[in-house]
Each structure stands twice: as structure tokens, then as C-alpha cells.
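Protein chains in written order, with the working numbering: chain A, 452 to 647; chain B, 452 to 647. We put the beta carbon where it would ideally sit given N, CA and C, even for glycine.
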């Protein structure tokens, strides 16, 4: 393989979810693109990195000092939904039902990966609660070992502050087929059953 | 989604084999990379496009006037293997058994996509045969409708020039399971059976 091609191949290989075959196909595709198109792609990458800021309040991605959600006066500041990553904010916003604000931990507790509470935006979360009129914190970390452990940690941390701490519900996904649900999801769905 | 992020998302979406979920994950990953890493990725893209040339003889990708294969004196110039794309050269070279040279058509005949013989490097292929001592042309276009039609076209074009034209063999892939082979491959494998 010629040098310039293998260099771009190696770069693609480093991206998450890109295997060697996809990286190779992408590398050849770059050669087939016009110089202008390649320049535009390269520019979008550099600018995305350069122009993206972190919201000073909730640590979501932002293009200003405060993110779009924190800037909106109609969002209810009394409810904070705690998530691991900015992409979780985007996912919840796609749901379109949540009217509160967010707090992005920028990670999850993980002793194996050496992530301790100090590395998450927990002090800042406590600060927001101490500052004002927060009534409920909904913990929407992922439902895996790290996410659950982080949720328990946050509940213990915040309860003494007199705020209600809730966990997002787990159960069958809407449209999901009982037959294909895993055992853990099914037991949670049974446990969390509601009166009709 | 913030503007700089959605711009890089749109760029990723345009790449082949990148769906909307992968594009989104990649866009967020770019934000998580260091500025230096992003700059390196962007530079690799631009340089791959800028530095990659087309071999003046066989139209393979190259970093000089002639590609690495055409430059090697030990490659047998009497046998030309005709392929559709530069990536096909790379695939055949991975096999490691072929000692001849290549000719990259840079496309395949396709009336539907409006690709006619003049748009392929066929005149140049005829030129190479007229120039010298080529004895055999192995047509290794893909075994789909367009690739087969192109192979037939090339055979008709070259036979009057007194050169032997052969087609790469089709059959069961090595390690392939009879059970999972498609019907067309199986009929070709039977048709092309060899004495043991």
C-alpha cells in the first residue's frame, strides 16, 4: 500500500467501531473524492473540535458559555437529569418529553478504568443543588454495572442535601418483543410493574 | 445538536458504509479527541488526497510516476491482469502468488450508470498490448453482471490483437462451506470442475 494511503488507513483504524475493512474502504474512498470534498471534511473535523465548548453549568456540549438547554428560560431548573455523556442528553432530547435541565458527569465510576468520584462532575452537581431550588435529581446513567454503581453513589451523596433522587425506569422497550428480551430486563420489568 | 457537531456528522454521513448511528458516534468521538489528534487525522486526509498519484502505465494508485509494481523489474510484463479498481490490485497482491503486472480499468461497463467503454482505460490497455510482448490478459473484473459484461467486451476487443484472454476462475471459496454457498456459485463451481 502506498504511504499516504496507509497513513489515512491507520487514522481511520483508530476511530471507534471502524474495523480494518471499513478503514480500507474509507481510505480508498478519500482518494476517489475531489480535493475540495476532502478539504471540506478535514475542515469540519478541525472546526468541530475547535468550536465545541463545554457548558459552564451542566457540562453538555455547547457553542456558547451556556448550552442551548441551560439558556432556555422555559426549561424547569428544579429538575436535574444526571447523565454520563453529552450524547445521552441528545438521546433524551429526542424523546422530547423532558422539560427539566441536565447535568453531564462526563464519565461513570469505574474502579477498573481508574475513574473515581473526583474525576466526575459530582462536586459541580452538589454545588448546583446547594445553590438553589433543585427539587429532584433523576439519575439516568446507563443500566450496566458502572452506571448502577454511579447511581447508588449519587443517591447517597445527594440525599443528605434534602433533594429527591430518582432513577430512570427500566423495563421492556416500547415495541419490544417479550420473546427477545433478556432475562435481566424481564425481571426488572416484572419487579417495576404498575397498577393499571 | 450544536452546529459544529452536526456539520462533522453530515460529513461522516456522506462516507460509504457509515450510517447515521456510526456518524453520530464518530462525531462525538472527534470532540473527545485531543486537538492534536484531530489535526493529525485531518492532515492525513488532505495529504492522502494530495500525494496520491495514478500510475502512468497501469492506473493503479502510486506515489511516483509509475506504481510500485510497474517499477519492479522482476514482475513479468508479459502477463497483464485487468481489474476494476486499485483496491482489487491490493486484494490480489495479498494473495501473493501473482507475478505479472496489472491494468486498472478504473470502473466497469454499466449502461445504467452511464459508463461506456470510452470512460474506462481500455484504449490504454490496447496501447500496452500493441506496444509490446504481452502474451496473456487475465480479466479479473468482479463476477457480477457489469463485471461479466466488461470481461466479455474485453475478450472481444483483445482477441483480434493475437493475445490470449483468460478469465479468473469462479467457484467455492477456500474454507467455504457447501451448505452456505449460493446457487450461482455452486453451479459455476460444478461447471468449472477439474480432473483430480
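Once DSSP output is grouped into helix, strand and coil, what is the label at residue i?
i: residue 521(B); result: helix
i: residue 420(A); result: No answer is possible for residue 420(A): the residues shown for chain A start at 452 and end at 647.
i: residue 588(B); result: strand
i: residue 574(A); result: helix
i: residue 625(B); result: coil
i: residue 644(B); result: coil
i: residue 489(B); result: helix
i: residue 534(B); result: strand
Assuming residue i is part of the alpha helix (DSSP H), what are its boundary residues?
i: residue 617(A); result: No alpha helix (DSSP H) contains residue 617(A), which is instead part of the beta strand (DSSP E) from 615-618.
i: residue 566(A); result: First-last for residue 566(A): undefined, no H or E at that position.
i: residue 526(A); result: Looking at the DSSP string, residue 526(A) is not in any alpha helix (DSSP H), and its letter there is neither H nor E.
i: residue 473(A); result: 471-483
i: residue 598(A); result: 596-609
i: residue 543(A); result: 537-546
The beta strand (DSSP E) that contains residue i, what's its start and end?
i: residue 464(B); result: No beta strand (DSSP E) holds residue 464(B); the alpha helix (DSSP H) holding it covers 454-464.
i: residue 552(B); result: 551-555
So is residue i buried or exposed if we call it buried at 16+ other beta carbons inside 10 Å?
i: residue 598(B); result: buried
i: residue 511(B); result: buried
i: residue 631(A); result: exposed
i: residue 609(A); result: buried
i: residue 525(A); result: exposed
i: residue 637(B); result: exposed
i: residue 500(A); result: buried
i: residue 513(B); result: buried
i: residue 539(B); result: buried
i: residue 516(A); result: exposed
i: residue 596(A); result: exposed
i: residue 537(A); result: buried
i: residue 535(A); result: buried
i: residue 478(A); result: buried
i: residue 533(B); result: buried
i: residue 542(A); result: exposed
i: residue 563(A); result: exposed
i: residue 489(A); result: buried
i: residue 625(A); result: exposed
i: residue 641(A); result: exposed
i: residue 435(B); result: Past the boundaries of the shown model lies residue 435(B); chain B is included only from 452 to 647, so the question cannot be answered.
i: residue 612(A); result: exposed
If you compare alpha carbons, which of the options is closest to residue i?
i: residue 576(B); options: 530(B), 600(B) and 621(B); result: 530(B)
i: residue 456(B); options: 483(B), 467(B), 468(B) and 466(B); result: 483(B)
i: residue 460(B); options: 528(A), 620(A) and 491(A); result: 491(A)
i: residue 528(A); options: 508(A), 570(A) and 569(A); result: 508(A)
i: residue 602(B); options: 559(B), 481(B) and 641(B); result: 559(B)
i: residue 506(A); options: 553(A), 495(A) and 547(A); result: 553(A)
i: residue 590(B); options: 614(B), 578(B) and 493(B); result: 614(B)
i: residue 634(B); options: 621(B), 646(B) and 645(B); result: 621(B)
i: residue 644(A); options: 623(A), 628(A) and 546(A); result: 623(A)
i: residue 466(A); options: 454(B), 502(B), 493(B) and 612(B); result: 493(B)
i: residue 593(B); options: 546(B), 556(B), 565(B) and 579(B); result: 556(B)
i: residue 481(A); options: 503(B), 580(B) and 481(B); result: 503(B)
i: residue 616(A); options: 588(A), 497(A), 579(A) and 470(A); result: 588(A)
i: residue 495(B); options: 462(A), 548(A) and 639(A); result: 462(A)
i: residue 545(A); options: 647(B), 452(B), 646(B) and 639(B); result: 452(B)
i: residue 605(A); options: 584(A), 639(A) and 569(A); result: 569(A)
i: residue 487(A); options: 470(B), 498(B) and 471(B); result: 498(B)
i: residue 550(A); options: 647(A), 523(A), 469(A) and 565(A); result: 523(A)
Residues of the segment 533-562 of chain A with Cβ closer than 7 angstroms to any Cβ of chain C, in chain order: Reference to chain C is not applicable here, since the protein chains of this structure are A and B.
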